[in-house]
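Under the numbering used here, the first residue of the sequence shown carries the number 1, and numbering increases by one thereafter.
Every residue gets a Cβ at the ideal spot worked out from N, C-alpha and C, and that includes glycine.
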Amino acid sequence: TQLNTSLRLIAPNGTTVAHQDGPPARGILPTNLFFDAPLPDLKTLALPAELAPGDYALQVVVYAVEGGAVEAGPLEIGTVAVTAADR
């Protein structure tokens, strides 16, 4: 099964306000060939200009490319404090 990861910024009300989806490790290795070792997955988020300052949850979801079935997550990996200067 080919998988994608999704990095999501979640507002306090549960709304996804920014996300980036794509294959882990920028697709250098198909997910059906992964082995049991750490693999970096670098993703960046563009913050919307209208995003209000505050604390937002950072989540990761792993899902099937075909059909979108969630394989893992959402897993909260931290929080991000957004200030007016960040936008």
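Once the 5 residues before and after residue i are set aside, which same chain residues still bring their CB inside 7 angstroms of it?
i   : result
T79 : D55, Y56, A57, L58
D41 : T5, P24, A25
Along the chain, where does the beta strand (DSSP E) that runs through residue i open and close?
i   : result
D55 : 54 to 64
Q20 : 16 to 22
V79 : The sequence as given places Thr at residue 79; Val does not occur at that position. Unbroken beta strand (DSSP E) run through T79: 70 to 82.
N13 : It is not in any beta strand (DSSP E) - N13 carries neither H nor E in the DSSP assignment.
Given a threshold of 16 other Cβ atoms within 10 Å of its Cβ, counted over all protein chains shown, does residue i qualify as buried or as exposed?
i   : result
I10 : buried
L75 : exposed
L39 : exposed
In terms of alpha-carbon separation, which member of the options lies closest to residue i?
i   : options           : result
E50 : Y63, L7, T83, Q2  : T83
L7  : T1, A18, G14, N13 : A18
G73 : G67, Q20, V60     : V60
Ordered along the chain, which non-local residues of its own chain (more than five positions away) have a Cβ less than 8 angstroms from that of residue i?
i  : result
L3 : P23, P24, T31, V62, Y63, A64, V65, E71
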